[in-house]
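J.: Residue numbers in the sequence shown follow the UniProt record's numbering, run continuously in steps of one, and reach 689 at the last position.
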Amino acid sequence: MTDLFAPLSADMPANDKMAIIAQMRKLIRVLKHHNHAYYVLDHPTITDGEYDSLRAKLVQLENDFPTLKQQDSPTDNVGDTPLPFFTQVSHDLPMLSLANAFNADDVANFVRRVNERLDGKNQNPEFEMELKLDGLAVSLKYINGVFSQALTRGDGQVGEDITHNVRTIYNLPLVLDDCQDIDLLEVRGEVLMPKAGFLKLNEQSRKRGERVFANPRNAAAGSLRQLNPAIAKSRPLAFYGYSVNQGLPNAITTQSGAMRFLQAQGFDVSPFKVVANLQQIDDFYQETITKRDELPFEIDGMVVKLNSLALQDDLGFLSREPRWATAYKFPATTATTRLLDVEWQVGRTGQLTPVGKLEPVNVGGVTVSNVTLHNFGEIERLGVMMGDIVSIHRAGEVIPKVSNVMENLRDDNVRAIHLPNTCPVCDSPVVLPDGEALARCMGGLVCTAQAQEALIHFVSRKAMDIDGLGSQRLIKFFDMQLIKTVADIYRLTDKAQVLQKLEGLGEKSVANMLFAIEKSKNTTLSRFIFALGIRGVGESTARNLAEHFGRLDRLQNASVDELLKVVDIGKITAKNIHEFFRTKHNMEVVNDLMALGVHWQAVVKNTANAPLDGQTWVITGTLEVMGRDEIKAHLHALGAKVVGSVSTKTSVLLAGDKAGSKLNKADELGVRVVSESEFLALLAEYGRM
Ligand code: IVH
Numbered sequence: 001m002t003d004l005f006a007p008l009s010a011d012m013p014a015n016d017k018m019a020i021i022a023q024m025r026k027l028i029r030v031l032k033h034h035n036h037a038y039y040v041l042d043h044p045t046i047t048d049g050e051y052d053s054l055r056a057k058l059v060q061l062e063n064d065f066p067t068l069k070q071q072d073s074p075t076d077n078v079g080d081t082p083l084p085f086f087t088q089v090s091h092d093l094p095m096l097s098l099a100n101a102f103n104a105d106d107v108a109n110f111v112r113r114v115n116e117r118l119d120g121k122n123q124n125p126e127f128e129m130e131l132k133l134d135g136l137a138v139s140l141k142y143i144n145g146v147f148s149q150a151l152t153r154g155d156g157q158v159g160e161d162i163t164h165n166v167r168t169i170y171n172l173p174l175v176l177d178d179c180q181d182i183d184l185l186e187v188r189g190e191v192l193m194p195k196a197g198f199l200k201l202n203e204q205s206r207k208r209g210e211r212v213f214a215n216p217r218n219a220a221a222g223s224l225r226q227l228n229p230a231i232a233k234s235r236p237l238a239f240y241g242y243s244v245n246q247g248l249p250n251a252i253t254t255q256s257g258a259m260r261f262l263q264a265q266g267f268d269v270s271p272f273k274v275v276a277n278l279q280q281i282d283d284f285y286q287e288t289i290t291k292r293d294e295l296p297f298e299i300d301g302m303v304v305k306l307n308s309l310a311l312q313d314d315l316g317f318l319s320r321e322p323r324w325a326t327a328y329k330f331p332a333t334t335a336t337t338r339l340l341d342v343e344w345q346v347g348r349t350g351q352l353t354p355v356g357k358l359e360p361v362n363v364g365g366v367t368v369s370n371v372t373l374h375n376f377g378e379i380e381r382l383g384v385m386m387g388d389i390v391s392i393h394r395a396g397e398v399i400p401k402v403s404n405v406m407e408n409l410r411d412d413n414v415r416a417i418h419l420p421n422t423c424p425v426c427d428s429p430v431v432l433p434d435g436e437a438l439a440r441c442m443g444g445l446v447c448t449a450q451a452q453e454a455l456i457h458f459v460s461r462k463a464m465d466i467d468g469l470g471s472q473r474l475i476k477f478f479d480m481q482l483i484k485t486v487a488d489i490y491r492l493t494d495k496a497q498v499l500q501k502l503e504g505l506g507e508k509s510v511a512n513m514l515f516a517i518e519k520s521k522n523t524t525l526s527r528f529i530f531a532l533g534i535r536g537v538g539e540s541t542a543r544n545l546a547e548h549f550g551r552l553d554r555l556q557n558a559s560v561d562e563l564l565k566v567v568d569i570g571k572i573t574a575k576n577i578h579e580f581f582r583t584k585h586n587m588e589v590v591n592d593l594m595a596l597g598v599h600w601q602a603v604v605k606n607t608a609n610a611p612l613d614g615q616t617w618v619i620t621g622t623l624e625v626m627g628r629d630e631i632k633a634h635l636h637a638l639g640a641k642v643v644g645s646v647s648t649k650t651s652v653l654l655a656g657d658k659a660g661s662k663l664n665k666a667d668e669l670g671v672r673v674v675s676e677s678e679f680l681a682l683l684a685e686y687g688r689m
């Protein structure tokens with residue numbers, strides 16, 4: 001047996017050893033957490049430098065106390081060397097499959113048969129229900145609590161050794177602290193790829209032009225069937241246990257007890273519940289169906305197991321299936337039909353979504369005649385054409401999607417699907433930026449599909465700030481066609497008579513509203529730019545633009561390169577701004593607004609009152625005393641710019657409580673960091689408090 005705690009040297013007190021082991025375990029836990037954040041979530045929360053120093057600490061401890069080195073130390077990079085081939089290994093106990101039940105009758109028959117078999121004794125036994133995880137079955141062996149082998153199911157008798165890949169799974173415990181006395185523990189369960197990780201993996205592959213997986217199960221299978229464990233390590237795999245097949249302590253007599261035992265050893269397990277009768281079986285089944293979409297992983301049904309392990313033994317197996325369990329499958333969610341046509345819908349923010357029109361088909365009890373094709377990139381990825389035979393997948397309540405295209409069934413009548421050049425709603429140009437999947441209509445101010453959004457944004461507090469014209473009233477006027485574009489707001493003055501007659505609007509409230517509209521004409525350039533609702537141009541970008549260009553005509557005429565010189569503006573936003581002012585309809589509205597009297601004071605830079613002129617600040621963390629807007633206003637008044645992310649151009653990072661990655665980045669780049677209290681002192685110094 002591997003004794004992690006065996007004495008090292010006679011002169012070393014046991015207490016010290018325990019402390020060193022505890023420190024090693026802590027470092028291992030932290031390093032594994034960061035490995036997962038880096039490799040799987042693609043979202044590191046510490047810098048490479050910090051990671052390296054943690055790792056160096058562990059290496060140092062391991063060098064100083066080699067006999068205390070932990071089996072699962074990530075410093076080994078265990079299994080980073082590819083194997084030449086997979087080794088075939090016989091299972092100690094065959095890995096079986098489950099009989100299926102497809103409806104309540106099938107499950108009732110299963111329960112009846114179990115009761116008949118129990119032959120009078122133990123009638124109406126308890127069942128345990130679990131989610132049927134859609135991944136790959138694996139068998140794991142732990143020798144004296146140390147992970148030693150992982151096998152695939154194979155043909156049920158002989159599997160393949162995938163230890164090198166399974167070892168890299170982040171939630172798999174490699175050392176079971178309480179199992180040192182169990183010579184051999186066999187745990188079975190499912191290796192799967194959570195939905196979020198799957199989507200991310202495919203997105204990354206798509207960007208790199210590599211193949212994408214059809215579903216999380218295929219992705220998990222593809223990842224486990226790698227000879228090079230570095231690939232498996234980079235994939236977001238997870239292990240969920242569902243049985244203990246050897247070595248379960250005798251005191252545990254039920255399947256639910258075995259699941260709790262696994263949890264206590266640090267395993268994630270398939271979510272489970274003990275149920276007393278058919279009604280409860282069906283209740284949990286229905287409840288799970290409604291929650292299916294919210295689960296982090298895909299499931300294709302539930303498993304109903306007799307809870308007593310002794311009764312399981314009594315019932316035994318029928319050929320290759322246990323008599324004591326059944327899979328209660330969910331209704332099928334795929335069907336095949338023809339894609340007849342594609343319509344382009346324009347969303348509230350201008351994105352164009354292709355909607356496939358289908359020859360109606362029944363999918364799991366629901367007639368489906370529309371599918372979402374998501375975006376133009378998805379059409380290209382699927383390689384789908386109008387007239388194709390396609391597989392439709394429906395998951396819960398969400399709009400069904402095309403999961404597969406039967407290219408071999410294609411006939412001569414198929415036609416390519418093109419992205420329209422102009423918006424089907426307003427005829428403005430449609431733009432699909434290079435390398436992006438999402439096409440957008442550029443008629444932000446005029447496209448009726450986007451108009452409500454544009455109007456509400458235009459009058460909002462940080463934009464033109466027209467109180468007295470709330471969003472409900474605005475939408476009502478829009479529906480009545482009193483206003484179509486934002487410029488029409490300033491034409492309401494001519495319509496006082498009509499407005500006064502509307503329900504809920506008396507003479508006084510109309511007068512107040514028109515006064516607020518009139519007042520809003522006197523604004524600032526940055527508010528005006530923000531109010532236009534150009535994609536990617538938030539309040540602070542608008543302010544940066546106003547400061548940089550000083551005049552609207554200069555901004556209108558700026559080239560993409562000139563726009564890129566403005567602080568905090570990247571390529572996509574620069575292109576959006578450029579395109580916005582090149583769209584004829586948008587310019588008409590902008591000109592109308594100015595003709596109707598919208599104006600602002602010239603932007604003057606007063607460096608005398610701007611002691612922070614030229615500085616770029618970033619704010620992060622939780623701030624106690626002042627809201628972010630207030631802080632920004634002070635900083636702007638003092639001449640500083642405020643941007644969202646830390647870079648070499650950042651002058652100061654204002655870091656509140658619980659500051660995370662931005663603080664790390666600032667430390668890494670040597671950017672000056674001030675606390676909230678230091679900031680308040682600074683404000684006081686400049687007479688702003
Ligand atoms: S128990 C004797 N429990 O379903 C077989 N299987 O159709 C015991 N599966 O190969 C299997 N989730 O890969 C069991 N909670 C769960 C499961 C589960 C998924 C898979 C497993 C098995 C297949 C059987």
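C-beta: ideal position from N, C-alpha, C; glycine also.
Looking only at its own chain, which residues have a Cβ that is under 6 Å from the Cβ of Val459, when we skip the five neighbours before and after it?
T.: Hits under 6 Å: Ile466 and Leu469.
J.: Taking 7 Å as the cut-off, decide whether the C-beta atoms of Leu201 and Asn165 are in contact.
T.: Cβ distance not < 7 Å, so Leu201 and Asn165 don't count as in contact.
J.: Mark Arg235 as exposed unless 16 or more other C-beta atoms lie within 10 angstroms of its C-beta, in which case mark it buried.
T.: Result: buried.
J.: Which value, in whole angstroms, describes the spacing of the CA atoms of Ala251 and Lys121?
T.: Rounded to the nearest angstrom, the two C-alpha atoms are 22 Å apart.
J.: Within its chain, find whatever has a CB closer than 6 Å to the CB of Lys69; leave out the 5 residues flanking it on each side and keep chain order.
T.: The residues are Glu62.
J.: Starting from Phe216, follow the alpha helix (DSSP H) in both directions and report where the run begins and ends.
T.: Here the sequence assigns Pro to residue 216, which means Phe is not the residue at that position. That run of the alpha helix (DSSP H) goes Pro216 to Leu224.
J.: Roughly how many angstroms separate the alpha carbons of Gly79 and Asp613, rounded to a whole number?
T.: Low per-residue confidence applies at Gly79: pLDDT is 41, beneath 50, and the placement is therefore not dependable, though the value from the model is reported in the following sentence. Approximately 54 Å, taken between the alpha carbons.
J.: So Asp282 is in the alpha helix (DSSP H); what residue range does that whole segment cover?
T.: First-last of the alpha helix (DSSP H) with Asp282: Leu278 to Lys291.
J.: Give the secondary structure of Tyr686 by DSSP, where H, G and I count as helix, E and B as strand, and everything else as coil.
T.: DSSP places Tyr686 in coil when its eight states are reduced to three.
J.: Look at the Cβ atom of Leu27, then the Cβ atom of Pro74, and state whether they are nearer than 7 Å.
T.: Cβ atoms of Leu27 and Pro74: not closer than 7 Å.
J.: Along the chain, where does the beta strand (DSSP E) containing Met302 start, and where does it finish?
T.: First-last of the beta strand (DSSP E) with Met302: Ile299 to Leu306.
J.: Can you tell me the Cα-Cα spacing of Leu176 and Arg29, whole angstroms?
T.: Spanning the two alpha carbons is a distance of roughly 14 Å.
J.: Under the three-state reduction of DSSP, which class applies to Glu130: helix, strand or coil?
T.: Glu130: strand per DSSP, three-state reduction.
J.: Residues in its own chain within less than 6 Å of Arg535 by CB, not counting five upstream and five downstream?
T.: Asn576.
J.: Cβ of Glu294 within 6 Å of any heavy atom in the ligand MN?
T.: Questions concerning the ligand MN fall outside what the structure shown contains, since the ligands it does hold are the ligand IVH.
J.: Report the rounded CA-to-CA distance for Asp568 versus Phe530, giving the unit in angstroms.
T.: Cα to Cα, Asp568 sits roughly 15 Å from Phe530.
J.: I need the boundaries of the alpha helix (DSSP H) containing Asp161, first residue and last residue.
T.: First-last for Asp161: undefined, no H or E at that position.
J.: Taking its Cβ as the centre, do 16 or more other Cβ atoms sit within 10 Å of Ser677, making it buried, or is it exposed?
T.: When all chains shown are included, Ser677 counts as exposed.
J.: Since Asn307 and Ser256 are thought to touch, with beta carbons under 8 Å apart, how far apart are those beta carbons, to the nearest angstrom?
T.: Sure, about 6 Å apart at Cβ, within 8 Å.
J.: If you follow the beta strand (DSSP E) that Ile231 is part of, which residue opens it and which one closes it?
T.: No beta strand (DSSP E) holds Ile231; the alpha helix (DSSP H) holding it covers Pro229 to Ser234.
J.: Using only the alpha-carbon positions, how far apart do Glu588 and Phe528 sit?
T.: If you take the alpha carbons of Glu588 and Phe528, they lie about 15 Å apart.
J.: Measure the C-alpha to C-alpha separation of Arg554 and Thr524 and round it to an integer number of angstroms.
T.: The straight-line gap from Cα to Cα measures roughly 15 Å.
J.: Does the ligand IVH have even one heavy atom less than 6 Å from the beta-carbon of Ser97?
T.: It does: the Cβ of Ser97 is within 6 Å (strictly closer) of some heavy atom of the ligand IVH.
J.: Grab me the residues of Phe272's own chain with a C-beta within less than 7 Å of its C-beta, minus the 5 sequence neighbours each way, in chain order.
T.: Answer for Phe272: Glu128, Met129, Glu130, Ser256 and Met259, listed in chain order.
J.: So, do the segment 329-336 and the segment 230-247 have three or more beta carbon pairs nearer to each other than 8 Å?
T.: No, the segment 329-336 does not touch the segment 230-247.
J.: Out of Gln71, Gly135 and Glu579, point me to the one whose CA is closest to Lys195's CA.
T.: With distances taken between Cα atoms, Lys195 lies closest to Gly135.
J.: Going by beta-carbon coordinates alone, are Gly247 and Leu262 separated by less than 7 Å?
T.: In this structure, Leu262 does not lie closer than 7 Å to Gly247 by Cβ.
J.: Going by Cα to Cα distance, which pick from Glu436, Leu133 and Cys423 is closest to Gly209?
T.: Comparing Cα-Cα distances from Gly209 to each of Glu436, Leu133 and Cys423, the minimum goes to Glu436.
J.: Give me the Cα-Cα distance between Asn35 and Gln601, rounded to the nearest whole angstrom.
T.: Rounded to whole angstroms, Asn35 to Gln601 spans 53 Å at the Cα level.
J.: Between the Cα of Arg211 and those of Gly504, Leu382, Thr616 and Gly621, spot the shortest distance and give me the residue it belongs to.
T.: Ranking the options by Cα distance to Arg211, first place goes to Leu382.
J.: Using only the alpha-carbon positions, how far apart do Leu295 and Phe284 sit?
T.: Distance between the alpha carbons of Leu295 and Phe284 is about 15 Å.
J.: Considering only their Cβ atoms, is the gap separating Val187 from Val244 smaller than 7 Å?
T.: Contact flag set, yes.
J.: In chain order, what residues of the same chain have a beta carbon less than 8 Å from the beta carbon of Lys658, not counting five sequence neighbours either side?
T.: So the list reads Gly621 and Thr622, once near-sequence residues are dropped.
J.: Using a 10 Å radius around the Cβ and a threshold of 16 neighbouring Cβ atoms, would you call Val107 buried or exposed?
T.: Buried is the call here.
J.: In angstroms, rounded to a whole number, what distance separates the CA positions of Glu518 and Tyr490?
T.: Taking the straight line joining both Cα atoms gives about 8 Å.
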